[in-house]
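Input: a single structure, listed below in structure tokens.
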Amino acid sequence: MKKVFLLSAVLVTASAFAQKQPTAWRVDSVLQLMTLEEKVGQMNQYNGFWNATGPAPEGGDAATKYQHLRNGWVGSVLNVQGVEEVRAMQRVAVEETRLGIPLIFGCDVIHGYKTLSPIPLAEAASWDLEAIAKSAHNGAEEATSYGLNWTFAPMVDISRDPRWGRIMEGAGEDPYLGSRIAEARVRGFQGEQLNDPRSMAACAKHFAGYGFSEAGRDYNTVDVSDYTLYNVIYPPFQAAKKAGVATFMNSFNTMNGIPATGNQALAELLKEDWGFEGVLVSDWGSVGEMIAHGYARNLKEAAEQAANARCDMDMESLAYVQFLASLVREGKVSESLVDDAARRVLKLKFDLGLMDDPYRYCNRPGSWEPTTSPWAADAQELAEKSAVLLKNNGILPLVKKQAIALVGPMAQEKNSPLGNWRVSSDDFTALSLYEGLVQVRGEKRMTVASGPVFLKGPISFPFEAEINTTDTSGMHAVVKAAGEAEIAILAVGEHGFHSGEARSRMSLHLPGLQEQLIREVLKVQEHVVLVLYAGRPMILPDDITEQVDAILLAWQPGTMGGPAIANLLMGKRSPSGRLPVTFPRSEGQIPLYYGAYTTGRPGPSDAVFWSHYGDGPNTPAYPFGYGLTYSTVTYAATQVKQMGDSMAVTALVKNEGKVAVDEVVQLYARDHHSRLGVQPVRRLIGFQRVTLKPGEERMMTFSVTADQLSVATSEGERMFEPGTFSFWVAPHSAAGTSASIDWK
Ligand code: GLC
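The sequence shown maps to residues 3 to 746 in the numbering used here.
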């Protein structure tokens, strides 16, 4: 009996005749062979649960999961490391189950696999969409050589709260920039053809609103207006869907009081209103977490709620595999929902080419040392483009003959620059800033001293790091080295594991003894360059930012961060990064973002009755879009004129300096009056990254259509309302000379 079924399944799916049929036909031809339990099995995803190249697991969860795998009750597995592991697990699915339906192998390939590019927020600071797409494709190329075919990226959550550690994983605060980057990343991961063995299915996550977790505390409640959802939070998801993203992942948080994983309204928006036909996977355990939310009384009810909210796959809650078939037989979940989910999963497997060749991602086994891999050069270039020069009084770029002291906890760091989402990379494989400087200028006339120990204990993905706030040993060596050099380069910041999932922080100041270290150095050395490593906006005290000569934000720059930052310091390339997120002066200002509404009392006023603080300014330390170069680029006043149904917005920009620079020319708009809903004081609607040679001037031209200025009502209807608009062609969100026009 089993052989007959197996044979018919193989014939149906892999025969030459079948391969010529439309995918829907092929999916249905498999679906009709499946039992209810096997359909539910396609909706079940496990984390890698045993060393598949070893003996079958005996006892415990692993044995249970192994039996489920052999029953054909597993559709996908995540975090399987190594192509032989993948092949061995796939063999069980293909050869030991009744129908032989292959597994999809997922993993968080967020900014690279073993060769890590800068963290996503850093990549966003490059505003270089082609480079970002290439980075995603490089990650896919490396990850697929290890047998994987589904990445849980891009994370497209907009966030305005740097206390939230996962701000490092997205593209910052702006829906326009976030949407363009979402498209680029989907394009990069998925390539032209999803069944290309160098491409992988992408996943728009976390649907939706996760970046608005209250108080910046991860997994916390989200309660936002529909107006914000439609105008700020949904656009990058819609952009990802329009770019053809194969999957979505729902989020841990509630939406209008209902957990996203069990939120039928959210699923209906995605699958009916937006017409999404791919797979909606839960987040890790988020089906089961509806019990903790107080929405489900038990796991069976959670399974019912998630299935009725059209969550197609259960990641690691074991809810569907235990209860969904009986829920269908009890009439609590319609079998048509199970069929729809199973169809979506099977379609993805056909689209990936797995149904025709389950081992197609196992044929390019590779293992590269990250710093010399085929993708290292791209990772380095993107790190160079992502760093943001926040201050420079002319001390940068350095010159080779200067005697420098490289000091601070990040000076020789080979682990932290990899960031938090390095689930497949190997710790300590980054090139440090010290190694980078040795490469680019040699080690002559360079001393190095890391200073006090930064973290007391080991640091790893699942555990907090204990920060040293008492042991100052090593401080003297730093002060000595800094005092004896011509220039001190202070490499400071937060550790790569201080941001990322579950890494929320109340303080955005430098952790530990670093501010004290900097002040000690400033007492003995007047020429100081600060290199800041961070996965989020950080706050530097005014006395420090005023005294240091330069500040270069390195973010967490990835495997090749050392050479990248060294090249910028030595002037091999001018910095060109622009902030994708606002840097506040104080945590008390959060949420602080450029695209805010004016309020009814924008002020300022002689009296106190306007929107302000009594103990500090409303303005940020560094605004969205801000970043310096090693030259000076001037912007003439913006011009605008009607051109038929659109507007032509122009401005002359000029590189006044002696070095070539990449300039990110930004286009902002303001709709001065809108009955559709109040509008932000500025809204990014376009940008162009251009290279300007010394002395070169260029007329920058943007064509603006009414659609680009449309507004979503709180019912989700996008409309354009004629009226008075202002436009800025500017270097950042707080600069430029505007031009206004009445749009009839
Ligand atoms: C995590 C994250 C999600 C990730 C998933 C699988 O908890 O929230 O972004 O893709 O689990 O690792």
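Note that CB positions come from ideal geometry on N, CA and C, so glycine has one too.
It should be emphasised that the depicted structure is a prediction, and the values quoted were computed from it without experimental measurement.
Item to check | Length-filtered (4 minimum) alpha helix (DSSP H) runs lying within the region 20 to 105 | outcome: Runs of the alpha helix (DSSP H) inside the region 20 to 105: 25 to 33, 38 to 44, 62 to 73, 85 to 97.
Next on the checklist: Across the region 387 to 396 and the region 543 to 556, are there enough close Cβ pairs to call them in contact, namely three or more that are closer than 8 angstroms?
Outcome noted: Short answer: they touch.
Item to check | Where LYS243 sits in the DSSP three-state scheme | outcome: Looking at LYS243 - three-state DSSP - the assignment turns out to be helix.
Checklist entry - Secondary structure at GLN266, three-state DSSP: helix, strand or coil? => result Three-state DSSP puts GLN266 in a helix.
Checklist entry - Three-state secondary structure (DSSP) at SER728? => result In the structure shown, the three-state DSSP call for SER728 is strand.
Next on the checklist: Quick check: what's the CA-CA separation for VAL6 versus ARG100?
Outcome noted: Caution applies to VAL6, whose pLDDT of 45 falls short of 50 and renders its modelled position unreliable; the value that the coordinates give is listed next. Rounded to whole angstroms, VAL6 to ARG100 spans 10 angstroms at the Cα level.
Checklist entry - Going straight from the alpha carbon of LEU105 to that of GLN44, what length do you get? => result The C-alpha of LEU105 lies about 9 angstroms from the C-alpha of GLN44.
Next on the checklist: The alpha helix (DSSP H) that contains VAL455, what's its start and end?
Outcome noted: Careful: VAL455 lies outside any alpha helix (DSSP H) and carries neither H nor E.
Checklist entry - Does the beta carbon of SER716 come closer than 9 angstroms to any beta carbon on chain D? => result Of the protein chains in the structure, only one exists, and it is not chain D.
Checklist entry - Exposed or buried, VAL666, counting other C-beta atoms within 10 Å across all chains shown (16 or more means buried)? => result Classification of VAL666: buried, given that the 10 Å Cβ count is 16 or more.
Item to check | ALA248 and VAL281 closer than 9 angstroms at C-beta | outcome: Contact annotation: ALA248 and VAL281 have beta-carbon atoms nearer than 9 angstroms.
Checklist entry - Measuring from the CB of VAL680, is there a heavy atom of ligand 1 at a distance below 8 angstroms? => result No, ligand 1 has no heavy atom inside 8 angstroms of this Cβ.
Item to check | Identity of the residue in GLY141, SER181, HIS70, SER740 nearest GLN710 by Cα | outcome: Closest option to GLN710, judged by alpha-carbon separation, among GLY141, SER181, HIS70, SER740: SER181.
Next on the checklist: Helix, strand or coil, according to DSSP, for SER742 in the structure here?
Outcome noted: For SER742, the three-state secondary structure derived from DSSP is strand.
Item to check | Whole-angstrom distance between ARG587 and GLY514, CA atom to CA atom | outcome: If you take the alpha carbons of GLY514 and ARG587, they lie about 19 angstroms apart.
Checklist entry - Among residues of its own chain, excluding the 5 on either side of VAL583, which ones have a beta-carbon nearer than 6 angstroms to its beta-carbon? => result The residues are GLY174, GLU175, PRO539.
Checklist entry - Along the chain, where does the alpha helix (DSSP H) that runs through HIS497 open and close? => result In this chain, HIS497 is not harboured by any alpha helix (DSSP H), its DSSP state being neither H nor E.
Checklist entry - With C-beta atoms as the reference, is SER253 less than 9 angstroms away from PHE209? => result Yes, Cβ-Cβ distance for SER253 and PHE209 is below 9 angstroms.
Checklist entry - Taking all protein chains shown into account, do 16 or more other C-beta atoms lie within 10 angstroms of the C-beta of VAL610, making it buried, or fewer, making it exposed? => result With fewer than 16 other Cβ atoms within 10 Å, it is exposed.
Next on the checklist: If I measure Cβ to Cβ from LEU2 and keep anything under 6 angstroms in the same chain, skipping five residues before and after, which residues do I get?
Outcome noted: Missing from the structure shown is residue 2; the chain here goes from 3 to 746 and no further.
Next on the checklist: Short of 6 angstroms in beta carbon distance, which residues of its chain neighbour GLU185, apart from the five on each side in sequence? Order them along the chain.
Outcome noted: Excluding residues within five positions, the ones whose Cβ falls inside 6 angstroms are ALA241, ALA245.
Checklist entry - When you compare only the Cα positions, how much space is there between GLU437 and GLN266? => result Computed Cα separation, rounded: 53 angstroms.
Next on the checklist: Within a Cβ cutoff of 6 angstroms, which residues of the same chain sit near GLU466, ignoring the five residues on either side of it in sequence?
Outcome noted: Excluding sequence neighbours, GLU466 sits near nothing in its chain.
Checklist entry - By a C-beta neighbour count over all protein chains shown, 10 Å radius and 16 as the cutoff for buried, is GLN668 buried or exposed? => result Here GLN668 is buried. Its C-beta has 16 or more other C-beta atoms within 10 Å.
Item to check | Alpha-carbon spacing of HIS295 relative to VAL531, whole angstroms | outcome: Going from the Cα of HIS295 to the Cα of VAL531 covers about 48 angstroms.
Checklist entry - Sorry if obvious, but does the Cβ on LYS207 come closer than 8 angstroms to a heavy atom of ligand 1? => result Result yes, Cβ under 8 angstroms from ligand 1.
Checklist entry - Where does LYS699 sit, in a helix, a strand or coil, going by DSSP? => result The amino acid occupying residue 699 in the given sequence is Glu; Lys does not appear at that position. Three-state result, GLU699: strand.
Checklist entry - Rounded to a whole number of angstroms, what is the C-alpha to C-alpha distance between GLN516 and GLY646? => result The straight-line gap from Cα to Cα measures roughly 57 angstroms.
Checklist entry - Is the region 437 to 452 in contact with the region 401 to 417, if contact means three or more CB pairs nearer than 8 angstroms? => result Touching, yes, given that three or more Cβ pairs across the two stretches are closer than 8 angstroms.
Next on the checklist: Can you give me the C-alpha to C-alpha distance between THR146 and MET202, rounded to a whole angstrom?
Outcome noted: Straight-line Cα distance between these residues: approximately 7 angstroms.
Next on the checklist: Here's a check: name, in chain order, each residue in its chain whose Cβ is nearer than 8 angstroms to the Cβ of THR621, leaving out the five neighbours to either side.
Outcome noted: Contacts found: ARG587, ALA736.
Checklist entry - Are the Cβ atoms of LEU435 and ALA493 separated by less than 9 angstroms? => result Yes; because the gap between Cβ atoms is below 9 angstroms, this pair is in contact.
Item to check | One or two residues paired with GLU665 in a DSSP bridge | outcome: DSSP lists VAL692 as partners of GLU665.
Checklist entry - For MET292 versus ALA269, is the C-beta spacing smaller than 9 angstroms? => result Contact check for MET292 against ALA269 fails: the beta carbons are separated by 9 angstroms or more.
Checklist entry - Between which two residues does the alpha helix (DSSP H) containing MET315 stretch? => result No alpha helix (DSSP H) contains MET315, which DSSP labels as neither H nor E.
Checklist entry - Quick one: is MET649 buried, meaning 16 or more other Cβ sit within 10 Å of its Cβ, or exposed? => result By the 16-neighbour rule on beta-carbons within 10 angstroms, MET649 is buried.
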